[in-house]
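Notes for the one structure printed next.
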Amino acid sequence: MAMQNVPTRTAAPYRERLGPSMWFLVSAALCGPMAALVFVPLDTTVALVVGALVGVAVVALLVSGSPVITVRDGELRAGRAHIPVEFLDAGSWVSGDDAQYARSAGLHPRAWHLIRGGIDAVAMFAVTDPDDPTPYWVISSRTPDRLVAAVRRAQS
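Residues in the sequence shown are numbered from 100 upward in steps of one, following the working numbering.
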């Protein structure tokens, strides 16, 4: 009996969705009452239904459209970009004023970045591939220490 090559799914050692902050979601949900006000002159029931649908739709779009960071199968994926971890250094992370500097004045013009407002810390990985013009990656993360550790685990 021949063994079939059955692909096995391995759990991602790291996965993070860079969703919007709670205050941003609450602010976005206010689109519902604003939309409802437009329909109040027609019918109150229609206005309530439209307001609820608009509020839920805006929040759902914001959450589902948020970028995801994963480290899986020897690859770091941040949003739509990906790079094999063998072409990255061990990485580091900063928060506070150092992270603010890394996201603004300290950001190299050719660096690849996935930066989200409301997320204080960033993880940074230098690109070691000599053929890649990108000097390093800067990625916003709520748990940058876990992201850096996951990349180090994937490299070993």
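C-beta: ideal position from N, C-alpha, C; glycine also. Since the model is a prediction, treat every value here as computed from it, not as a measurement.
Exercise. Start and end of the alpha helix (DSSP H) containing Gly-252?
Worked result: Note that residue 252 is Arg in the sequence shown here, rather than Gly. It spans 243–254 - the alpha helix (DSSP H) in which Arg-252 sits, taken as one unbroken run.
Exercise. Identify the residues that DSSP records as bridge partners of Ile-182: which are they?
Worked result: In the DSSP output, where bridge partners are listed per residue, Ile-182 has Leu-175.
Exercise. Are Ala-135 and Leu-147 close, meaning C-beta to C-beta below 8 Å?
Worked result: Cβ distance < 8 Å, so Ala-135 and Leu-147 count as in contact.
Problem set entry | Through-space distance from Ala-198 to Ala-220, alpha-carbon basis | Distance between the alpha carbons of Ala-220 and Ala-198: 6 Å.
Problem set entry | Terminal residues of the alpha helix (DSSP H) in which Val-226 lies | Boundaries for Val-226: no alpha helix (DSSP H) harbours it, and the DSSP string shows neither H nor E there.
Exercise. How would you call Pro-243, buried or exposed, if buried means at least 16 neighbouring beta carbons within 10 angstroms?
Worked result: Around the beta carbon of Pro-243, a 10 Å sphere encloses 16 or more other beta carbons of the protein chains shown; the residue is thus reported as buried.
For this session: Determine the contact status of Ala-201 and Val-193, defining contact as a CB-CB distance below 8 Å.
Result: Yes. Within cutoff.
Problem set entry | Proximity below 8 Å, CB of Glu-115 to CB of Ile-168 | With contacts defined as CB atoms closer than 8 Å, Glu-115 and Ile-168 qualify as a contacting pair.
Exercise. For the ligand ADP, any of its heavy atoms closer than 7 Å to the Cβ of Leu-129?
Worked result: The ligand ADP is not part of this structure, which contains no ligands at all.
Exercise. When we look at the beta-carbon of Leu-213 and count the other beta-carbons within 10 Å, is it buried (16 or more) or exposed?
Worked result: Buried, since its Cβ has 16 or more Cβ neighbours within 10 Å.
For this session: Throw me the rounded Cβ distance for the Ala-210 and Thr-233 pair, which I believe falls under 8 Å.
Result: Rounded, the Cβ-Cβ distance is 7 Å, consistent with contact.
For this session: Look up Ser-240 in the DSSP assignment and say whether it is helix, strand or coil.
Result: In the structure shown, Ser-240 sits in coil (DSSP, three-state: anything other than H, G, I, E or B).
Problem set entry | Which of helix, strand or coil DSSP assigns to Arg-136 | It is worth fixing the name first, because residue 136 is Leu in this sequence and not Arg. Helix.
Problem set entry | Candidates Val-153, Gly-173, Gly-131 and Ala-225: closest to Asp-188 by CA position | Among Val-153, Gly-173, Gly-131 and Ala-225, the Cα nearest to that of Asp-188 is on Ala-225.
For this session: Look at the Cβ atom of Ala-117, then the Cβ atom of Arg-251, and state whether they are nearer than 8 Å.
Result: The sequence given here places Leu at residue 117; Ala does not occur at that position. The Cβ-Cβ distance between Leu-117 and Arg-251 does not fall below 8 Å.
Exercise. Terminal residues of the continuous alpha helix (DSSP H) containing Leu-124?
Worked result: Residues 121–128.
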